[in-house]
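A.B. asks: One structure, as structure tokens, below. Some questions next.
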Amino acid sequence: MTHRWLALVVGSVLLVELVTGTVLLFRPEIVRLSSPQLFAATPSAQPLDAGGAQAVVARERPGYPVGDTVPVDGVWQVSTTDYHHAAYVDAGSGRILGEAETTGGFIGLLLNVHDCFLACEGYTGYVPALAATVPGLGELTWANLVLGIVGLGFAVLAVSGVIAWWPSMRRFVKDLRRSLTVHLRRGQYRFNRDLHDVCALVALPLLVVWAVTGAGYGMPFVGDAWYALTGGEEQAEASFTPDAMPPDAADIGTAGAVASARALLGGQELTDVIPPSADLGGYYQVGLQSGIAPARYGGPRLFSETTVDVDPHTGRAEIASGGPEQSWSSWAWTSGNYGVHFGYMVPWWARLVWFAAGLVSIYLVGSGFWTWWWRRRQVRLRRS
Numbered sequence: 004m005t006h007r008w009l010a011l012v013v014g015s016v017l018l019v020e021l022v023t024g025t026v027l028l029f030r031p032e033i034v035r036l037s038s039p040q041l042f043a044a045t046p047s048a049q050p051l052d053a054g055g056a057q058a059v060v061a062r063e064r065p066g067y068p069v070g071d072t073v074p075v076d077g078v079w080q081v082s083t084t085d086y087h088h089a090a091y092v093d094a095g096s097g098r099i100l101g102e103a104e105t106t107g108g109f110i111g112l113l114l115n116v117h118d119c120f121l122a123c124e125g126y127t128g129y130v131p132a133l134a135a136t137v138p139g140l141g142e143l144t145w146a147n148l149v150l151g152i153v154g155l156g157f158a159v160l161a162v163s164g165v166i167a168w169w170p171s172m173r174r175f176v177k178d179l180r181r182s183l184t185v186h187l188r189r190g191q192y193r194f195n196r197d198l199h200d201v202c203a204l205v206a207l208p209l210l211v212v213w214a215v216t217g218a219g220y221g222m223p224f225v226g227d228a229w230y231a232l233t234g235g236e237e238q239a240e241a242s243f244t245p246d247a248m249p250p251d252a253a254d255i256g257t258a259g260a261v262a263s264a265r266a267l268l269g270g271q272e273l274t275d276v277i278p279p280s281a282d283l284g285g286y287y288q289v290g291l292q293s294g295i296a297p298a299r300y301g302g303p304r305l306f307s308e309t310t311v312d313v314d315p316h317t318g319r320a321e322i323a324s325g326g327p328e329q330s331w332s333s334w335a336w337t338s339g340n341y342g343v344h345f346g347y348m349v350p351w352w353a354r355l356v357w358f359a360a361g362l363v364s365i366y367l368v369g370s371g372f373w374t375w376w377w378r379r380r381q382v383r384l385r386r387s
């Protein structure tokens with residue numbers, strides 16, 4: 004009963020989230036296929052570094068508010084400080100390959116629906132009313148409240164579905180064999196009911212991951228529950244104050260800031276670098292990660308393991324977040340969960356597993372509605 008009625012309450016919004024999320028699994032590949040000219044990298048023995056790419060954009064686009072700079076397979080994606088626009092610089096030739104609205108168009112609408120429930124300002128489809136805070140709930144917005152409820156509802160649906168399917172430990176093997184059998188010759192209702200159970204069991208691990216992480220983006224207390232269960236605690240971001248220097252002191256530049264950050268941690272791969280600005284506090288922010296850099300899989304959402312703040316004049320570097328002292332539970336919740344949620348930590352072909360689970364989830368919602376409607380219809384027919 005709980006499973007059925009909860010599905011009816013959150014099903015419509017959940018279906019929208021599943022459809023948009025399934026498409027966004029391949030957002031990096033969609034952007035690359037739709038705008039191949041932005042990623043036409045030229046091989047070079049001496050490719051342009053991040054500072055060189057920022058200098059090219061500042062020279063060629065006067066007044067461009069140079070912000071986060073991300074390496075994307077031989078191309079530098081230089082975003083504006085508000086992340087809504089990006090210029091793409093070929094590291095091999097030093098040319099600007101083109102520009103794009105990273106939060107506009109169809110992809111911007113999908114992001115706004117899935118990530119923000121239309122509450123992200125500057126994205127396609129922005130609805131100001133959904134970005135307003137809920138009275139009595141602090142900084143929680145109406146959009147976050149809806150997404151949090153849907154995420155928690157999704158988690159309860161997964162758990163209640165298992166409980167409804169698994170009546171007792173003694174009958175587990177028997178029920179498993181029966182539930183994993185799709186009866187093709189016993190009518191549409193039985194076919195969809197059996198297939199619903201089989202699909203739910205197969206996709207259950209990813210369904211739980213999506214439910215928990217999705218709820219956590221909307222409601223902070225889900226993260227608190229994660230830390231309570233794992234025995235860790237959220238890492239507080241360290242504050243950084245630049246050294247007092249005369250106004251005409253020379254800036255060490257982006258290359259110097261990256262070198263200082265790498266010297267602090269040893270050789271690691273650059274995921275992004277943000278130049279000093281008034282909003283940031285007047286210092287560099289350098290993102291580093293050992294091994295694979297999921298940031299190259301697309302857009303302004305970054306997954307650096309360690310963020311390092313660097314003084315723009317002295318080169319003094321301090322870890323702001325992450326680093327070797329960060330607990331595994333903190334890394335998993337702050338750096339890893341978005342990559343796991345969307346599968347961005349693996350190549351596109353491995354993300355086909357996520358895609359299949361997304362299609363299965365869409366079918367689960369549809370088949371759940373259909374079986375509910377069929378049963379209601381049969382009850383009405385018997386009564387009449």
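Every position in the sequence shown, counted from 1, becomes a number in our numbering once 3 is added.
Backbone N, C-alpha and C define an ideal beta-carbon position, used for all residues, glycine too.
1) For residue 73, list the residues DSSP reports as bridge partners.
2) With three or more C-beta pairs closer than 8 Å as the rule, is the stretch 351-367 touching the stretch 197-212?
3) Residue 191 to residue 355, Cα distance in whole Å?
4) Considering only the beta carbon of each residue, do residue 213 and residue 344 sit closer than 8 Å?
5) Run through DSSP, which three-state label would residue 199 get?
6) Between residue 329 and the rest of its own chain, which residues show a CB-CB distance below 7 Å, the 5 nearest in sequence each way excluded?
7) Say whether the stretch 62-74 touches the stretch 131-138, bearing in mind that this needs 3 or more beta-carbon pairs closer than 8 Å, one atom from each stretch.
8) Beta-carbon separation of residue 256 and residue 54 under 8 Å?
9) Tell me whether residue 289 sits in a helix, a strand or coil according to DSSP, three-state version.
10) Go to residue 89, then tell me how far its alpha helix (DSSP H) extends in each direction, as first and last residue.
11) By alpha-carbon positions, which one of 264, 156, 81 ends up nearest to residue 105?
12) Since residue 42 and residue 73 are thought to touch, with beta carbons under 8 Å apart, how far apart are those beta carbons, to the nearest angstrom?
13) Which same chain residues end up closer than 6 Å to residue 150 when comparing Cβ atoms and leaving out the 5 residues on each side of it in sequence?
14) Measure the C-alpha to C-alpha separation of residue 250 and residue 323 and round it to an integer number of angstroms.
15) For residue 30, count neighbouring C-beta atoms within 10 Å of its own C-beta (all shown protein chains included) and say buried if the count is 16 or more, exposed if not.
16) Buried or exposed: residue 113, going by 16 or more other Cβ atoms within 10 Å of its Cβ?
17) Starting from residue 103, trace the beta strand (DSSP E) both ways and give me its first and last residue.
18) Does DSSP classify residue 252 as helix, strand or coil?
19) Can you tell me the Cα-Cα spacing of residue 274 and residue 232, whole angstroms?
20) When DSSP builds the beta bridges, which residues end up paired with residue 313?
C.D. replies: Walking through what the data contain:
1) 80
2) yes
3) 29 Å
4) yes
5) helix
6) 238
7) no
8) yes
9) strand
10) Looking at the DSSP string, residue 89 is not in any alpha helix (DSSP H); the run it does join, the beta strand (DSSP E), is 88-93.
11) 81
12) With a beta-carbon spacing of about 12 Å, residue 42 and residue 73 fall beyond the 8 Å limit used to define contacts.
13) 120, 221
14) 25 Å
15) Answer is buried; the Cβ neighbour count reaches 16.
16) buried
17) 99-104
18) coil
19) 30 Å
20) 287, 320
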